[in-house]
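>
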Amino acid sequence: MNKLFFALALLFVGMSANAQHLGTEYRLKRVIPVAGRQGIAIDSNYYYVSDTKVLYKYDKQGNLVMKNDQPFQNPKIANHFGDIDVYNGEIYCGIEKFEYGRGYNIAVSIYDAETLKWKRDLPWSPESGQVEVSGLAVDREKNMVWMSDWVDSRYVYCYSLETGQYYTKMQCRPTPYWCQGIFIADGKMLFTSDDGESLYNIPDNIYVADITEVHFTGLQEGTEVVKDTPFSVKLDKNGKPVMRKGKIAAGAKAGRVELFREMSDFRRSGEIEGLSIDPVNDDLVVLNNRGTLIVLGMSQGPFKEEGYTGEIHELYIYEKVK
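Below, the structure is given as structure tokens:
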């Protein structure tokens with residue numbers, strides 16, 4: 055009986071050390087400078103940080119352990135990482151070719167967490183309506199992966215890890231302005247929301263939505279309007295909307311989005327990026343960039359009048375108070 059109790063206790067400790075849980079109040083514990091400006095993922099021992107074209111691996115004291123500065127299998131069609139996640143020893147990365155406010159050639163690329171080397175890709179379904187990937191998050195309970203869209207943050211898009219196929223999407227109501235990253239824990243999705251500017255020093259925010267109920271909708275044969283951009287319809291010579299027939303998204307979940315935290319304790323507001331929760335102690339970790347002018351998601355040079363000579367990337371580590 056004592057051996058059984060001990061074994062169960064070890065199992066419980068192991069499960070607790072690998073399950074992230076949300077809090078309702080957080081206190082800033084420390085700030086760690088990093089080289090990457092895009093995303094953050096955390097496992098029991100390491101922080102994984104994505105830059106636009108590099109993957110970094112840090113220990114939890116902020117020491118660089120490893121990097122992969124040639125991560126793309128075909129650099130001609132992909133030049134950009136967004137926010138990332140790590141699950142079962144693999145790093146999930148949303149990749150694309152990003153050019154001034156638009157993404158192309160979207161994919162979920164999966165890398166080995168030990169070596170940072172590419173392993174495989176999951177296919178993307180453009181019929182879903184997604185036009186950019188700013189970040190992704192693994193739903194560990196439902197075995198799914200979600201992708202956010204910076205260009206059109208009205209929706210986040212879900213794929214099954216079992217099949218690798220498009221599953222559904224969620225309409226965010228209200229829309230988190232320019233979503234940069236997402237993370238999932240306790241049946242809830244966190245969104246980092248960038249206000250689109252860095253000049254006026256206005257705090258960015260984190261929002262939250264419940265995703266405990268997610269039903270399959272998939273794709274179906276249908277007809278939909280063709281768009282020039284996510285917000286403008288393509289017109290024919292008679293001024294009527296151009297329609298297309300083929301596979302289209304068959305439905306979506308309605309998601310109620312609420313404010314989770316205003317990030318007023320950043321050293322300077324700039325461009326909030328990815329976020330994650332430490333599976334060991336439930337620390338909330340958020341990546342923020344500061345010190346440069348941002349136009350359409352791209353740095354345009356430092357605020358020299360404030361003493362900056364370049365962009366600074368930092369992990370803000372918050373301990374859960376309750």
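Residue numbers for the sequence shown follow my numbering, beginning at 55 and rising by one.
Ideal placement from N, C-alpha and C gives every residue a C-beta, glycine not left out.
Given a threshold of 16 other Cβ atoms within 10 Å of its Cβ, counted over all protein chains shown, does E316 qualify as buried or as exposed?
The residue given as residue 316 occupies position 262 in the sequence shown. Per the 10 Å Cβ criterion, exposed.
> Are three or more beta carbon pairs between the segment 303–318 and the segment 219–239 nearer than 8 Å?
The segment 303–318 vs the segment 219–239: in contact.
> Using 10 angstroms around the beta-carbon of F245, count the other beta-carbons present and answer buried if the total reaches 16, otherwise exposed.
By one-based count along the sequence shown, residue 245 stands at place 191. Flag for F245 reads buried.
> Is the segment 259–269 in contact with the segment 116–132, if contact means three or more CB pairs nearer than 8 Å?
Output reads no: the segment 116–132 does not touch the segment 259–269.
> What are the partner residues of W172, as DSSP defines its beta bridges?
Sequence index remark: in the sequence shown, residue 172 carries index 118 (1-based). Answer is Y165.
> Please report how far the alpha carbon of V67 lies from the alpha carbon of P177, in whole angstroms.
As a first step, residue 67 must be located in the sequence shown, where it is residue number 13. As a first step, residue 177 must be located in the sequence shown, where it is residue number 123. Residue placement at V67 is flagged as unreliable, the pLDDT there being 44, under the threshold of 50; a coordinate-derived value is accordingly withheld.
> State the Cα-Cα distance for the pair E168 and D113, rounded to the nearest angstrom.
Along the sequence shown, one-based indexing puts residue 168 at 114. Along the sequence shown, one-based indexing puts residue 113 at 59. When rounded, the distance between both Cα atoms is 12 Å.
> Looking at P230 and S247, is the spacing between their C-beta atoms short of 8 Å?
Your numbering for residue 247 matches position 193 in the sequence shown. Your numbering for residue 230 matches position 176 in the sequence shown. Against a cut-off of 8 Å, the Cβ pair of P230 and S247 comes out as a contact.
> Tell me whether the beta-carbon of E325 lies closer than 8 Å to the beta-carbon of S252.
Along the sequence shown, read from residue 1 onward, the residue named residue 325 stands at position 271. Along the sequence shown, read from residue 1 onward, the residue named residue 252 stands at position 198. Going by C-beta atoms, E325 is nearer than 8 Å to S252.
> I need the DSSP call for S323, collapsed to helix, strand or coil.
The residue labelled residue 323 in the question sits at position 269 within the sequence shown. Coil, per DSSP.
> Could you check what DSSP says for P180 in three-state terms: helix, strand or coil?
Start at 1 with the first residue of the sequence shown, and residue 180 comes out as number 126. Correct three-state label for P180: helix.
> In this structure, does DSSP put K291 in helix, strand or coil?
For the purposes of this step, residue 291 is identified with residue 237 of the sequence shown, where counting begins at 1. Coil, per DSSP.
> Roughly how many angstroms lie between the CA atoms of C337 and Q74, to the nearest whole one?
For the purposes of this step, residue 337 is taken as the residue at position 283 of the sequence shown. For the purposes of this step, residue 74 is taken as the residue at position 20 of the sequence shown. Checking the sequence shown, residue 337 turns out to be Asp, not Cys. If you take the alpha carbons of D337 and Q74, they lie about 9 Å apart.
> Check whether the segment 330–348 and the segment 148–159 touch, using three or more Cβ-Cβ pairs below 8 Å as the test.
Too few Cβ pairs lie closer than 8 Å, so no.
> Using only the alpha-carbon positions, how far apart do L58 and G309 sit?
The residue given as residue 58 occupies position 4 in the sequence shown. The residue given as residue 309 occupies position 255 in the sequence shown. Only weak support is given to the placement of L58: the predicted model assigns it a pLDDT of 48, under 50, and the question is left unresolved by the model.
> Taking Cβ to Cβ, would you say G328 is nearer than 8 Å to Q234?
Numbered from 1 along the sequence shown, position 274 holds the residue referred to as residue 328. Numbered from 1 along the sequence shown, position 180 holds the residue referred to as residue 234. A contact, by the Cβ cut-off of 8 Å.
> Does DSSP classify E278 as helix, strand or coil?
Residue 278 sits at position 224 when you count from the first residue of the sequence shown. Note: E278 maps to strand in three-state DSSP.
> State the beta-bridge partners of E216 as determined by DSSP.
Taking the first residue of the sequence shown as 1, we reach residue 216 at position 162. In DSSP, E216 forms no bridge with anything.
> Following the continuous beta strand (DSSP E) through D193, name the residue where it begins and the one where it ends.
Residue mapping note: residue 193 aligns to position 139 of the sequence shown, counting from 1. G189 to D193 is the extent of the beta strand (DSSP E) around D193.
> Excluding the five sequence neighbours on either side, which residues of its own chain have a C-beta within less than 8 Å of the C-beta of G241, listed in chain order?
Walking along the sequence shown from the start, residue 241 turns up at place 187. E195, D264, I265 and T266.
> Does the distance between the C-beta of I256 and the nearest non-hydrogen atom of the ligand GDP fall short of 7 Å?
The ligand content of the structure shown is nil, which means the ligand GDP is not present either.
> Strictly by DSSP, which residues pair up with G93?
Counting from one through the sequence shown, the residue named residue 93 turns up at place 39. G93 pairs with S104.
> Apart from the five residues on each side of it in sequence, which residues of its chain come closer than 6 Å, Cβ to Cβ, to E79?
Here residue 79 refers to the residue found at position 25 when the sequence shown is read from its first residue. Closer than 6 Å at Cβ, skipping near neighbours: V375 and K376.
> Pick helix, strand or coil for E251, following the three-state DSSP scheme.
As a first step, residue 251 is located in the sequence shown; it is residue number 197 there, counting from the start. Here E251 sits in coil by DSSP.
> Just to confirm, are W200 and Y211 a CB contact at a threshold of 8 Å?
Counting from 1 along the sequence shown, the entry for residue 200 is found at position 146. Counting from 1 along the sequence shown, the entry for residue 211 is found at position 157. Cβ distance < 8 Å, so W200 and Y211 count as in contact.
> Ordered along the chain, which non-local residues of its own chain (more than five positions away) have a Cβ less than 7 Å from that of V268?
Against the sequence shown, residue 268 aligns to sequence position 214. The residues are K196, C212, T222 and K307.
> Where does K358 sit, in a helix, a strand or coil, going by DSSP?
Your numbering for residue 358 matches position 304 in the sequence shown. Reduced to three states, the DSSP call for K358 is helix.
> Who are the near neighbours of E278 in its chain, counting only those whose CB is closer than 8 Å to its CB and skipping five residues on each side?
Here the question's residue 278 lines up with position 224 in the sequence shown. Cβ neighbours of E278 beyond the five flanking positions: M297, R298 and I302.
> Tell me where the beta strand (DSSP E) around W200 begins and ends.
For the purposes of this step, residue 200 is identified with residue 146 of the sequence shown, where counting begins at 1. Counting along the chain, the beta strand (DSSP E) containing W200 begins and ends at M198 to S202.
> Just how far apart, CA to CA, sit F126 and N133?
In the sequence shown, residue 126 corresponds to position 72, counting from 1. In the sequence shown, residue 133 corresponds to position 79, counting from 1. Distance between the alpha carbons of F126 and N133: 7 Å.
> Measure the alpha-carbon distance for N259 versus G93 and round it to whole angstroms.
Position 205 of the sequence shown, counting from 1, holds the residue named residue 259. Position 39 of the sequence shown, counting from 1, holds the residue named residue 93. Distance between the alpha carbons of N259 and G93: 16 Å.
> Would you mind sorting F285 into buried or exposed? The rule is 16 or more other CB atoms within 10 Å of its CB.
Walking along the sequence shown from the start, residue 285 turns up at place 231. F285 should be labelled exposed.
> Am I right that I371 and I86 are in contact with their C-beta atoms under 8 Å? What's the rounded C-beta distance?
If you number the sequence shown from 1, residue 371 lands on position 317. If you number the sequence shown from 1, residue 86 lands on position 32. That belief holds up - the Cβ atoms of I371 and I86 are roughly 7 Å apart, short of 8 Å.
> Under 8 Å Cβ to Cβ from G250, same chain only, skipping five residues before and after it: list those, please.
Within the sequence shown, the letter at position 196 stands for residue 250. Contacts found: Y231, W232 and I348.
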